[in-house]
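Number of protein chains: 2
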Amino acid sequence: MMVMEKGIDSAFEAVPVVETGTLGKAIAVLELVSTAQTPLRFTEILALSGQPRGTLHRQLSHLVGEGLLSLGSDLRYEPGMRLLKLASNAWAKNQFRTVAEPHLKRLHDRTGETVHLGVLHGREIIYLDKVESRQAVRMNSQIGNASPVYCTGVGKAALSVLPEDRLADLVGQLSFQAYTPNTHLSAAALMDELLAVRLAGYAFDREEHESGIRCVAAPIYAQRHGVVAGVSVTGPAYRVSMEQLELWAASVCDAARAIEQEVDVRLGPGR
Amino acid sequence: MMVMEKGIDSAFEAVPVVETGTLGKAIAVLELVSTAQTPLRFTEILALSGQPRGTLHRQLSHLVGEGLLSLGSDLRYEPGMRLLKLASNAWAKNQFRTVAEPHLKRLHDRTGETVHLGVLHGREIIYLDKVESRQAVRMNSQIGNASPVYCTGVGKAALSVLPEDRLADLVGQLSFQAYTPNTHLSAAALMDELLAVRLAGYAFDREEHESGIRCVAAPIYAQRHGVVAGVSVTGPAYRVSMEQLELWAASVCDAARAIEQEVDVRLGPGR
DNA sequence: AAATCAAGTTCCATATATTGGAATAAATAA
DNA sequence: TTATTTATTCCAATATATGGAACTTGATTT
């Protein structure tokens with residue numbers, strides 16, 4: 160039943176490959192409610208989840224009892240505060256993030272643009288940290304945010320260092336969506352670009368995820384820690400030319416390599 | 160078995176009052192790992208959790224399978240990326256936060272100091288949002304962070320609007336810790352101050368949680384939504400005098416009342 | 001190398017919690 | 001009021017979790 164070697168699974172699989180029992184079903188309900196655009200009523204969840212009434216009712220009451228969901232007086236379920244608390248802990252103590260932090264700052268000092276740190280989780284990139292020029296818009300909006308691998312700089316950088324078989328697996332499971340006119344829409348197109356990324360050692364996002372936003376990213380492969388990740392420098396197209404990004408590529412790669420090394424030193428042999 | 164009226168439970172109880180079955184036990188393990196200062200090995204968790212070996216092993220494997228924990232190649236368990244993703248969704252879509260946001264910004268514009276929005280969850284305050292002057296230090300550190308009710312401005316403000324019986328319950332369960340020389344250390348002392356807070360309509364934090372940090376806070380009681388919360392303006396003692404805070408109190412109260420009203424309008428009758 | 005020890009994993013009969021259909025109750029509308 | 005939708009509770013059947021013990025694995029010592 161355990162099909163993967165232990166340890167390095169986290170970066171590759173989000174959807175359970177192992178049995179997760181009743182917990183898995185409960186978390187599926189949690190995800191459903193937490194992904195919904197607006198608080199849901201019992202019947203709506205019933206329809207979406209496909210669970211039997213009695214079962215769903217108990218699952219929800221358990222989730223509410225744990226503070227993972229909250230039930231308003233209007234009988235609508237929405238994500239609970241405990242999720243924030245758990246995640247806050249997770250984020251604050253994350254060793255990979257802690258190690259990377261100063262390097263992100265330095266990269267930001269050099270470029271003056273927004274720096275992202277994202278890790279590969281299943282078929283998505285989850286942003287772990289961000290250093291922003293000024294607090295222009297919402298500052299936290301990005302952290303914990305999940306974005307597609309195939310149209311973000313960090314995503315393509317991360318993919319470029321995956322072992323061949325893992326990559327094939329993952330790309331096979333992707334479904335492509337045209338966020339902008341520049342978004343890659345086929346596995347073939349993506350694989351083609353990954354070839355170029357592997358040669359250069361860094362990846363661009365040429366307004367593929369969001370019009371008017373481009374970035375340059377470099378991969379971080381912390382094998383021992385089972386982390387496949389990436390750093391990027393992002394900016395608005397009107398201010399940051401592709402030539403500029405090209406010039407920054409070296410710095411981004413430096414930062415990535417520095418993080419990689421420090422992670423290996425700090426979390427590697429010692430642990 | 161259900162002892163509380165439905166709907167308004169979320170703000171008052173964090174620890175399960177209802178049975179939460181196997182989910183509860185799994186989440187307890189998750190919390191344990193996620194609260195630890197450093198990634199834990201199986202045996203350490205075994206000792207801390209008090210569960211039998213076989214049981215714990217399965218719980219952990221389910222949590223890992225769901226991406227809530229991750230297991231490194233060094234056989235240490237640490238919080239998984241999925242927590243961040245779930246929380247990010249929860250935060251981004253939180254209606255209370257969304258409604259409050261512009262009011263927080265306005266309050267920040269008026270005062271120039273850091274503005275916090277925190278909600279009462281069980282015996283703690285969980286920070287839901289923050290508007291900061293400049294990105295001095297870590298900007299995200301505060302969101303999702305849990306702080307004691309008895310020594311934060313937001314905490315005392317929130318307590319001041321709780322119904323008598325709920326308040327008694329909650330205060331009875333507190334255990335006090337001296338974060339600074341100014342921290343209240345007894346239920347009596349806290350209740351005394353709450354009396355004053357109720358009269359004034361706002362609360363101070365006189366360097367009770369962190370030396371050199373003071374704030375003024377006002378309560379938000381969104382009954383319909385089952386939310387007890389608070390807004391605050393926080394600053395370093397060297398720059399912000401108590402007199403200054405006193406002057407800001409009116410603005411803070413205005414913001415709180417505005418949020419209260421808008422929540423009632425937007426989430427109240429319509430839903 | 002072999003032996004020892006510690007840490008992690010699997011096994012399986014038993015106990016228990018989950019399951020899910022159906023009945024009930026509560027809220028809302030006609 | 002009655003009708004109707006929606007939420008909650010009930011309970012026998014069943015699947016899942018439980019937990020002690022056996023087993024593996026890997027490191028350390030003799």
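So the sequences go chain by chain: A and B. Numbered according to our numbering, the first sequence terminates at residue 430, and the numbering increases by one at each position without gaps. Numbered according to our numbering, the second sequence terminates at residue 430, and the numbering increases by one at each position without gaps. Here a beta-carbon is modelled for each residue, glycine too, at the ideal position from N, C-alpha and C. Computed from a predicted model, the values in this text were never measured in an experiment.
Proximity of A:S410 and A:V313 at Cβ, strictly below 7 Å: A:V313 is positioned such that its CB atom lies no closer than 7 Å to that of A:S410.
A:R212 classed as buried or exposed, judged by whether at least 16 other C-beta atoms fall within 10 angstroms: If you draw a 10 Å sphere on the C-beta of A:R212, you find fewer than 16 other C-beta atoms in it, and that means exposed.
Chain-order list of residues whose beta-carbon lies under 7 Å from that of A:I393 (same chain, five-residue window excluded): Just to set this straight, residue 393 of chain A is Thr in the shown sequence, not Ile. Same-chain partners within the cutoff: E272, T273, H275, I372 and C374.
DSSP beta-bridge partners of B:C412: Under DSSP, no beta-bridge partner is assigned to B:C412.
With 16 other Cβ atoms within 10 Å as the buried cut-off, status of A:L344: A:L344 should be labelled exposed.
B:V174 burial status per 10 Å Cβ neighbour count (16 or more: buried): Its pLDDT being 47, under 50, B:V174 is placed unreliably in this model, and the coordinates cannot settle the point.
Same chain only: Cβ atoms within 6 Å of A:G360, ignoring 5 sequence neighbours per side: Around A:G360: C412.
Selection from A:S306, A:L182 and A:R325 that minimises the alpha carbon distance to A:R217: Measuring C-alpha to C-alpha distances from A:R217 to each of A:S306, A:L182 and A:R325 identifies A:L182 as the nearest.
Coil, strand or helix - B:S232 by DSSP: In the structure shown, B:S232 sits in coil (DSSP, three-state: anything other than H, G, I, E or B).
A:V296, buried or exposed, once every other Cβ within 10 Å from all chains shown has been counted against 16: Confidence in A:V296 is poor, its pLDDT being 45 and thus under 50, which makes the residue's placement unreliable; the coordinate value appears in the next sentence. By the neighbour-count criterion, in which 16 or more other beta carbons inside 10 Å mark a residue as buried, A:V296 falls on the exposed side.
Contact with chain B by A:H280, beta-carbon distance below 7 Å: True, the Cβ-Cβ gap to chain B drops below 7 Å.
Cα-Cα separation between A:F201 and A:L230, rounded to whole angstroms: Those two C-alpha atoms are separated by around 10 Å.
Burial state of A:A337 (16 or more Cβ within 10 Å): Answer is exposed; the Cβ neighbour count stays below 16.
Spatial distance of A:L227 from A:I186 (CA atoms): For A:L227 and A:I186, the distance between alpha carbons rounds to 10 Å.
Spatial distance of B:A414 from A:M350 (CA atoms): Taking the straight line joining both Cα atoms gives about 52 Å.
Extent of the continuous alpha helix (DSSP H) to which A:T339 belongs: In this chain, A:T339 is not harboured by any alpha helix (DSSP H), its DSSP state being neither H nor E.
Given 8 Å, three or more beta-carbon pairs between the stretch 362–372 of chain B and the stretch 326–336 of chain B: With a cut-off of 8 Å, the stretch 326–336 of chain B and the stretch 362–372 of chain B do not count as touching, because too few Cβ pairs lie within range.
For A:A377, the first and last residue of its enclosing beta strand (DSSP E): Looking at the DSSP string, the run of the beta strand (DSSP E) that includes A:A377 is I372 to A381.
Residues of its chain near B:N253, where Cβ-Cβ distance is below 8 Å and the 5 sequence neighbours each way are ignored: Here the set comprises L287.
Span separating the alpha-carbon of B:V290 from that of A:W407: Each residue's alpha carbon lies about 31 Å from the other.
Range covered by the beta strand (DSSP E) that runs through A:R365: Looking at the DSSP string, the run of the beta strand (DSSP E) that includes A:R365 is A362 to R365.
Of the listed residues A:I379, A:F363 and A:I285, nearest to B:L242 (C-alpha basis): The shortest Cα separation from B:L242 among A:I379, A:F363 and A:I285 belongs to A:I285.
Inter-residue Cα distance where the pair is A:A259 and B:L199: Straight-line Cα distance between these residues: approximately 21 Å.
Per-residue contacts from A:A316 into chain B (C-beta, under 8 Å): Chain order gives no chain B residues near A:A316, where near means a beta carbon separation below 8 Å; the closest approach is about 17 Å.
DSSP bridge partner residues for A:Y286 (one or two, in chain order): Secondary-structure assignment with DSSP links A:Y286 through a beta bridge to A:G277.
Neighbour flag for B:T179 against chain A, beta carbons, 7 Å: Cβ-Cβ to chain A under 7 Å: yes for B:T179.
Residues near A:R265 in its chain [Cβ-Cβ closer than 8 Å; skip 5 each side]: Apart from sequence neighbours up to five positions away, the residues of its chain that approach A:R265 with a beta-carbon distance below 8 Å are A414, ordered along the chain.
Cβ shell of A:T342 (< 8 Å), same chain only, five flanking positions each side left out: Counting only residues of its own chain and dropping the five nearest sequence neighbours on each side, A:T342 has a CB closer than 8 Å to the CB of Y309, C310, F335, Q336, E367 and H368.
Partners in chain A for B:A185, counting only beta-carbon separations shorter than 7 Å: Neighbours of B:A185 on chain A, chain order: L182.
Against chain B: residues of the stretch 395–414 of chain A by CB proximity under 8 Å: Against chain B - using a Cβ distance shorter than 8 Å - the stretch 395–414 of chain A contributes no residues.
The stretch 197–208 of chain B: positions lying closer than 9 Å to chain A by Cβ: Cβ proximity to chain A below 9 Å picks out T197 and P198 from the stretch 197–208 of chain B.
The stretch 205–233 of chain B: positions lying closer than 9 Å to chain A by Cβ: Hits within the stretch, in order: R217, Q218, S220, H221, L222, V223, G224, E225, G226, L227, L228, S229, L230, G231, S232 and D233.
Coarse secondary structure for A:S345, derived from DSSP in three states: Coil, per DSSP.
A:V188, DSSP secondary structure in three states: Of the three classes helix, strand and coil, the one that applies to A:V188 here is helix, per DSSP.
First and last residue of the uninterrupted alpha helix (DSSP H) at B:T214: Where B:T214 is concerned, the enclosing alpha helix (DSSP H) stretches over R212 to G224.
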